[in-house]
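At position 75 of the sequence shown (counting the first as 1) the number is 75 in this note's numbering, and the numbers step up by one without a gap.
Taking it in order: structure first as structure tokens, then the write-up.
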Amino acid sequence: MKSLDELRKLREKAQEAIRLREQTDGTKIVVGMGTCGIAAGAREVMLALIEELEKKNITDVVVTQTGCAGLCEKEPLVEVIRPGEPKITYGYMTPEKARMMVTSHIVNGQVIGEYVIAREETVS
Numbered sequence: 001m002k003s004l005d006e007l008r009k010l011r012e013k014a015q016e017a018i019r020l021r022e023q024t025d026g027t028k029i030v031v032g033m034g035t036c037g038i039a040a041g042a043r044e045v046m047l048a049l050i051e052e053l054e055k056k057n058i059t060d061v062v063v064t065q066t067g068c069a070g071l072c073e074k075e076p077l078v079e080v081i082r083p084g085e086p087k088i089t090y091g092y093m094t095p096e097k098a099r100m101m102v103t104s105h106i107v108n109g110q111v112i113g114e115y116v117i118a119r120e121e122t123v124s
């Protein structure tokens, strides 16, 4: 840090990141990061999701993580939660599938049926 102004800018950037992470009214992507998910490649999937969202300059989607969902044989798992739509759970994800999911589901609103392992109506 060279100045107080730089410190303020850094604080504003951090506060914006926290605000985006905590927002609940937009799209949320949840990656299963239990031991089983991590062993199956969930870290790489999460990194691919974040990179693809940044590459496409998508800033209104929150990517977060959760523990084991009890579907270890279908890991890595990725849930997409959008207001007014069923929660979609994708299974057997890879970084490549995650990138395609961002383009198809997040950008174009098209669920990739062949990757879906569960659909759940959510109460909003």
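Beta carbons are placed, not taken as given, at the ideal position from N, Cα and C, and that holds for glycine.
* Buried versus exposed, by CB contacts within 10 Å (16 or more), residue 97 -> buried
* Rounded to a whole number of angstroms, what is the C-alpha to C-alpha distance between residue 34 and residue 94? -> 16 angstroms
* Does DSSP classify residue 111 as helix, strand or coil? -> coil
* **First through last residue of the alpha helix (DSSP H) which encompasses residue 96** => 95-101
* Could you check how far apart the C-beta atoms of residue 61 and residue 106 are, in whole angstroms? I think they sit under 8 angstroms. => 6 angstroms
* For residue 67, which three-state DSSP category applies? -> coil
* Do the CB positions of residue 117 and residue 90 come within less than 8 angstroms of each other? -> yes
* Which stretch, first to last residue, makes up the alpha helix (DSSP H) that contains residue 35? -> 35-40
* **Nearest candidate by alpha-carbon position, reference residue 64, set 81, 13, 70 and 57** => 81
* Taking just the CA atoms, how far does residue 84 sit from residue 27? -> 10 angstroms
* Selected residue, minimal CA-CA separation from residue 100, among 121, 115 and 87 -> 115
* Flag this pair as yes or no: are the beta carbons of residue 75 and residue 48 separated by less than 8 angstroms? => no
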